[in-house]
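Numbering (our numbering), first residue to last: 7 to 279. Cβ coordinates follow ideal geometry from the N, Cα and C atoms, glycine included.
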Ligand code: OAD
């Protein structure tokens, strides 16, 4: 039987991870769909995952958009509505509060749901938090955002939160400059990640002495390479995930549990001591 004082999520293990973070000189934070699961946003893989009922190549590729932009927008419109009804959970909030106290940390996310950004705004406005909050460096959204659109014709990218009318091709959103059918500003299969964002993420991974990796299956590269870069540069990995991932074997600490429970213990000022 597991020893409750030294198991994967025991107070002792969390104290060890807290100590690693406190001693760290630069932290790369990499998040995936798992951190938003407790907000009600579906993950991609596993039971109930988005890719279980949908073929990515029919919905999330440039070819799919060229073939049938209406079908692609129907799916993204549904995802946007679902996500717009979700709010940050205790995991997002603990991370946002901690980032406001750690200017040496950089948040890179594979998520396109915008919930880290909402949690950051809440943290800056929180009157209960007396610690001097600094506006953290911009979040590096490696896979783009559901709430931005880009014109495939002229490249113009803008925020976009209005509901999508995907009844016909003619009702789809159009570019104000050139009239092209706008697409979601997310990274699709077969596409490169935004160059400047990726460059900043790799620089942060190289500088960091700890990579804190939360809620990702760590299967999709180049995002999954970021903690490996920190490891190669001599740093360590702390993983927060109820399930093992390919990173677990090399992680200094694996905290097995949901991010909404683990992160407040790990990151809050009054967390596990
Ligand atoms: P996945 O769906 O692949 O993995 C979600 C991970 O979250 C799994 O490892 C789960 O065990 C873990 N998880 C589930 N619930 C959790 C919780 N409450 N707390 C913490 N962890 C939890 O999602 P990603 O790794 O984000 O790319 O997927 C990476 C990329 O694959 C996505 O960004 C997307 C997809 O194809 C694009 O669309 C470009």
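Which of the three DSSP states is assigned to residue i in this structure?
i, result
"residue 145", "coil"
"residue 187", "strand"
"residue 7", "Here residue 7 scores only 38 on pLDDT, less than 50, and its place in the model should not be relied on; the value that follows carries that caveat. Coil at residue 7, not helix or strand."
"residue 97", "helix"
"residue 43", "helix"
"residue 203", "helix"
"residue 226", "coil"
"residue 178", "coil"
"residue 163", "strand"
"residue 51", "coil"
"residue 112", "strand"
"residue 210", "helix"
"residue 20", "helix"
"residue 30", "coil"
"residue 217", "strand"
Between residue i and the ligand OAD, is there a pair consisting of the residue's CB and a ligand heavy atom that are separated by less than 6 Å?
i, result
"residue 221", "yes"
"residue 201", "no"
"residue 235", "no"
"residue 64", "no"
"residue 50", "yes"
"residue 147", "no"
"residue 249", "yes"
"residue 39", "yes"
"residue 193", "yes"
"residue 94", "no"
"residue 270", "no"
"residue 238", "no"
"residue 89", "no"
"residue 155", "no"
"residue 207", "no"
"residue 43", "yes"
"residue 226", "yes"
"residue 257", "no"
Got a sec, what are the start and stop residues for the alpha helix (DSSP H) residue i sits in?
i, result
"residue 260", "Careful: residue 260 lies outside any alpha helix (DSSP H), inside the beta strand (DSSP E) at 259 to 261."
"residue 153", "Element bounds for residue 153: not the alpha helix (DSSP H) but the beta strand (DSSP E), 150 to 156."
"residue 271", "265 to 273"
"residue 80", "75 to 90"
"residue 253", "Unbroken run through residue 253: none, as it is neither H nor E."
"residue 235", "232 to 238"
List the endpoints of the continuous beta strand (DSSP E) containing residue i.
i, result
"residue 242", "242 to 246"
Within 7 Å of any Cβ in chain B, is that where the Cβ of residue i sits?
i, result
"residue 166", "The structure shown contains no chain B, having only a single protein chain."
Worksheet item: How do the segment 110 to 129 and the segment 79 to 96 stand: do at least 3 beta-carbon pairs fall below 8 Å, yes or no?
Response: yes
Discussion item. With three or more beta-carbon pairs closer than 8 Å as the criterion, would you say the segment 139 to 153 touches the segment 51 to 62?
Written reply: no
Discussion item. With three or more beta-carbon pairs closer than 8 Å as the criterion, would you say the segment 254 to 270 touches the segment 64 to 82?
Written reply: no
Worksheet entry | the segment 32 to 43 contacting the segment 93 to 109, beta-carbon criterion three pairs below 8 Å | yes
Item to complete: Mind the definition here: the segment 203 to 214 touches the segment 20 to 33 only if three or more C-beta pairs lie below 8 Å; say whether that holds.
Response: yes
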